[in-house]
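Residues are numbered in my numbering as their position in the sequence shown, beginning at 1, plus a constant of 14.
Glycine residues also receive a C-beta, built at the ideal position from the N, C-alpha and C atoms.
Before any comments, here is the structure.
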Amino acid sequence: MSTFQDLGLNDDLLQAITDLGFEKPSEVQEKAIPILLESETDLVALAQTGTGKTAAFGFPMLEKIDVSSRTTQGLILSPTRELCLQITNEMKLYGKYCKGLNVVAVYGGSSITDQAREIKRGAQIIVATPGRMKDMINRRLVDISKIQYSVLDEADEMLNMGFKEDITDILSHTPDDKNTWLFSATMPREVATIAKKFMHNPQEITVGNKNESTSNVSHEYYLVNARDRYQALKRLSDANPDIFSVIFCRTKRDTQKVAENLIEDGYSAGALHGDLSQNQRDLVMKSFRNQQIQMLVATDVAARGIDVDDITHVINYQLPDEIETYTHRSGRTGRAGKTGVSMVIVSKSEVRKIKSIERIINQKFEKKEIPDGADICEVQLMSLANKIHNTEINHEIDKHLSNINELFADTDKDELIKKFFSVEFTRFYNYYQKSKNLNVSESSSDREGGRDFRGGKNDSTRYFINVGGKDGFDWMSLKDFLKEQLGLGRDDVFKVETKDSFSFFNTENELKEKVLAHFTDFKHEGRFVNVEVSENRGGGGRRGDRRGGSGKRDGGKRRDDRRGGGRRDDRKGASGNRSERRKSDGGSKPRRSDSSDFGSSRPRRSRR
Ligand code: ADP
Ligand code: MG
């Protein structure tokens, strides 16, 4: 593993890298930077989203251009305004010690004359969207005849968006002997054609397999009736209290509707699609970046610019029309070395698409069950308990303590705890207590008996364990850890599900004593690791006995479910804090700290 020094970057850039806190080059940087520094060559680089491509072309370009000249020497084309601004921003950060450097962003929706004026002042590097760039050239507001380095960033996206002609046109105004560096997450035929047409003997580098999505992402699908999609979405969110997600819908209409429903049901959600004004979109994106919005519902086109790290889940509310688009969706999570989950809600008629996607991404999906009400209640309760446990005490309370103590003089600790938790918990409990099972069974021949098909009988035990994502575990590493600790085989630990500060897993009933005995007074890396039998069975285990509700109950519930009625009424009842609602509309109300996070009347909360 090399360092940035080893790659041959100059001191100005190394200083900026130190400031940015980049410790070592990512794989695509390690491969691309030396090639681009050492030779005047064309390059095709394939790497997934979030792998650090901007710096892979950005550093070499900054090193190679002459900042003492005011001539435009570098042109970076990128598919969206959002990306264009992001790259410009990154380039400025990378080049902050390059004296005289001027990087200008050129994109639609903002004054073309202002942009032209900035370029006139001497922009060595222009970062542009193809449409606006072509416009500028046609109006002779820019001179790119001395370009030495051109970058096609997210080439596959640009072609997807129909920019082929614009790109061809723009490049025809640049010198033949320039170098072209093409960066792309996938290599569809159109990209290969472009490479052939515009490039001379390009060197090629590939990070990971061609067209493979980020390996930090695990893929899951959930089979439900089409009419239960929205219910399923809510449950997936409720089962992941710290979710920070992008939800993909197929049409603008669905996008708007799902977002509206979520907001109405008390979630912090926002919509992002092409029918919104640029200003509205900017606002939504700002709230999302600040994590004031936990669930961003978006169309594929609108989401193209989304480049937010820390997204924990991508939820495919519907699968995309073009299967290839799935790669782009799932690439929104698992960025910058983190792990992420891409979930797909499918109806029976779409299940075969999962197989096609598996082939394209070269990764397997895990079929999972939509958590039932009891699962969700337990997760919410434990998450709340952890939050309370980790909450810093606000000593403003001290002066009221004697009054409060008086009120609870006759309440013992257990009772107090129960009451305290009931404030939050009862809402979820009431909402979910009569909820139906949303899972649909797949015909048995569809998938070879994976570990999640242990039948509907209670032959397994579900455990709670007090370690999770915060302790560096994802479901795979926790499973490995448990297998190793318990000396068990590959399939003995299953349904491993990690939350932020705790997790769940299953074993066969026979192993229960062994598991519990092993984790009695057990310490891992200096802290007590506690395993308890969980009240519920983790999705599938309970199906049989949950189903049998009467038709009447189902029908009545559905309406409730759709409108989120039960929950909303309850919310009002709990504390009637109306300002709570405002937060979910994407406004810029400051995020609350963790300590004020529980006991609110709202089911959804902002993440830490
Ligand atoms: P891509 O263009 O491949 O999708 P980006 O260039 O946008 O990825 O980088 C993703 C994130 O990773 C950005 O926040 C970026 O600042 C960060 N990053 C890039 N290179 C490094 C590095 N070597 N070390 C740590 N973080 C990095
Ligand atoms: Mg990028």
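**OP:** For the stretch 229-240 and the stretch 79-95, state whether three or more C-beta atom pairs, one from each stretch, are separated by less than 8 Å.
**Re:** Counting C-beta pairs closer than 8 Å gives fewer than three between the stretch 229-240 and the stretch 79-95, which falls short of the contact rule.
**OP:** Kindly give me the distance between the Cβ atoms of Asp-242 and Phe-197, rounded to whole angstroms, as I take these residues to be in contact under 8 Å.
**Re:** Contact flag wrong, Cβ pair sits at about 40 Å.
Original post:
Do Val-355 and Ile-368 have their C-beta atoms within less than 9 Å of each other?
Top reply: With a cutoff of 9 Å on beta-carbon distance, Val-355 and Ile-368 are scored as not near each other.
**OP:** Indicate, with yes or no, if ligand 2 has a heavy atom lying under 8 Å from the CB of Asp-170.
**Re:** No, Cβ of Asp-170 sits at least 8 Å from all heavy atoms of ligand 2.
Original post:
Distance, Cα to Cα, Tyr-235 vs Phe-495?
Top reply: One C-alpha to the other measures close to 25 Å.
Subject >> Rounded C-alpha distance that separates Ala-423 from Ser-416 >> reply: Near 10 Å, if we compare the C-alpha coordinates of Ser-416 and Ala-423.
Subject >> Option nearest Pro-189 by Cα separation, candidates Gln-87, Val-529, His-327 and Met-75 >> reply: Checking every option, the nearest Cα to that of Pro-189 belongs to Gln-87.
**OP:** Report the rounded CA-to-CA distance for Pro-144 versus Gly-280, giving the unit in angstroms.
**Re:** Pairing Pro-144 with Gly-280, the inter-Cα distance amounts to about 40 Å.
**OP:** Leaving out five residues on either side along the sequence, give the residues of the same chain with a beta carbon under 8 Å from the beta carbon of Asp-183.
**Re:** Excluding residues within five positions, the ones whose Cβ falls inside 8 Å are Lys-148 and Ile-151.
Original post:
Cα separation between Ile-390 and His-214?
Top reply: Roughly 57 Å separates the two Cα atoms.
Original post:
Going by the beta-carbon positions, is the gap between Ser-259 and Val-328 smaller than 9 Å?
Top reply: In this structure, the beta-carbon distance from Ser-259 to Val-328 falls below 9 Å.
**OP:** Output the distance between the C-alpha atoms of Ile-161 and Pro-216, rounded to the nearest integer angstrom.
**Re:** Pairing Ile-161 with Pro-216, the inter-Cα distance amounts to about 18 Å.
**OP:** For Asp-460, I'd like the list of residues in its chain whose CB is within less than 8 Å of its CB, leaving aside the five on either flank, ordered along the chain.
**Re:** Low per-residue confidence applies at Asp-460: pLDDT is 39, beneath 50, and the placement is therefore not dependable, though the value from the model is reported in the following sentence. So the qualifying residues of the chain are Val-365.
Original post:
Can you name the residues that DSSP bridges to Met-357?
Top reply: Note: Met-357 sits in a beta bridge opposite Glu-234 and Ile-329.
Original post:
Which residues bound the alpha helix (DSSP H) around Gln-294?
Top reply: From DSSP, the alpha helix (DSSP H) with Gln-294 extends over 292-303.
Subject >> Helix, strand or coil at Met-105 according to DSSP, with G and I counted as helix >> reply: In the structure shown, Met-105 sits in a helix (DSSP, three-state: H, G or I).
Original post:
Where does Lys-378 fall in DSSP's three states?
Top reply: Assigned with DSSP and collapsed to three states, Lys-378 falls in coil, not helix or strand.
Original post:
Apart from the five residues on each side of it in sequence, which residues of its chain come closer than 6 Å, Cβ to Cβ, to Asp-26?
Top reply: Take Asp-26, set aside five residues on each side of it, and the residues of its chain with a beta-carbon closer than 6 Å to its own are Tyr-111 and Cys-112, in chain order.
Subject >> With 16 other Cβ atoms within 10 Å as the buried cut-off, status of Ser-291 >> reply: Exposed is the label assigned to Ser-291, since fewer than 16 other Cβ atoms lie within 10 Å of its Cβ.
Original post:
So what does Phe-519 bridge to, in DSSP terms?
Top reply: Under DSSP, Phe-519 shares a beta bridge with Tyr-477.
Original post:
Using a threshold of 8 Å, is the CB atom of Ile-101 nearer than that to any non-hydrogen atom of ligand 2?
Top reply: In terms of side-chain proximity, the C-beta atom of Ile-101 is found nearer than 8 Å to a non-hydrogen atom of ligand 2.
Subject >> For Gly-22, three-class secondary structure by DSSP >> reply: Coil.
**OP:** Please go through the stretch 59-112 and give each complete alpha helix (DSSP H) segment of 4 or more residues, from N-terminal end onward.
**Re:** Contiguous alpha helix (DSSP H) elements confined to the stretch 59-112 occur at 67-78 and 95-108, taking only those with 4 or more residues.
Subject >> Rounded C-alpha distance that separates Met-299 from Asn-400 >> reply: About 30 Å.
**OP:** Name the residue from Ile-411, Phe-442 and Ile-181 whose alpha carbon lies nearest to the alpha carbon of Ser-397.
**Re:** The shortest Cα separation from Ser-397 among Ile-411, Phe-442 and Ile-181 belongs to Phe-442.
Original post:
What number of angstroms, rounded off, separates the C-alpha of Arg-541 from the C-alpha of Glu-406?
Top reply: Computed Cα separation, rounded: 20 Å.
Original post:
At a cut-off of 8 Å, is Lys-67 close to ligand 1 when judged by its beta-carbon and the heavy atoms of the ligand?
Top reply: For ligand 1, at least one heavy atom lies less than 8 Å from the Cβ of Lys-67.
**OP:** Would you identify the three-state DSSP class for Gly-145, choosing helix, strand or coil?
**Re:** Per DSSP, reduced to three states, the secondary structure at Gly-145 is helical.
Subject >> Proximity winner among Leu-155, Met-201 and Leu-21, relative to Arg-131 (alpha-carbon distances) >> reply: The shortest Cα separation from Arg-131 among Leu-155, Met-201 and Leu-21 belongs to Leu-155.
Subject >> Touch test, the stretch 379-394 against the stretch 266-273, Cβ-Cβ under 8 Å, three pairs minimum >> reply: As far as the Cβ criterion goes, the stretch 379-394 does not touch the stretch 266-273, which means the pair count is below three.
Subject >> Extent of the continuous alpha helix (DSSP H) to which Met-201 belongs >> reply: Met-201 -> no alpha helix (DSSP H), and no H or E assigned at all.
**OP:** Give the single residue among Ile-371, Asn-193, Ala-285 and Leu-500 whose Cα lies nearest to the Cα of Met-75.
**Re:** Taking each of Ile-371, Asn-193, Ala-285 and Leu-500 in turn and checking the Cα distance to Met-75, the smallest one comes out for Asn-193.
Original post:
Under the criterion of a Cβ to heavy atom distance below 8 Å, does Thr-94 qualify as lining ligand 2?
Top reply: Thr-94: no, Cβ never under 8 Å from ligand 2.
Original post:
Would a C-beta distance cut-off of 9 Å place His-187 and Ile-158 closer than the cut-off?
Top reply: In contact: His-187 and Ile-158 (Cβ atoms closer than 9 Å).
Subject >> Limits of the beta strand (DSSP E) - the one that Met-309 falls within >> reply: 309-312 is the extent of the beta strand (DSSP E) around Met-309.
**OP:** Report the option in Lys-432, Glu-54 and Val-58 whose CA atom is closest to the CA atom of Thr-220.
**Re:** Looking at Lys-432, Glu-54 and Val-58, the one whose alpha-carbon comes closest to that of Thr-220 is Val-58.
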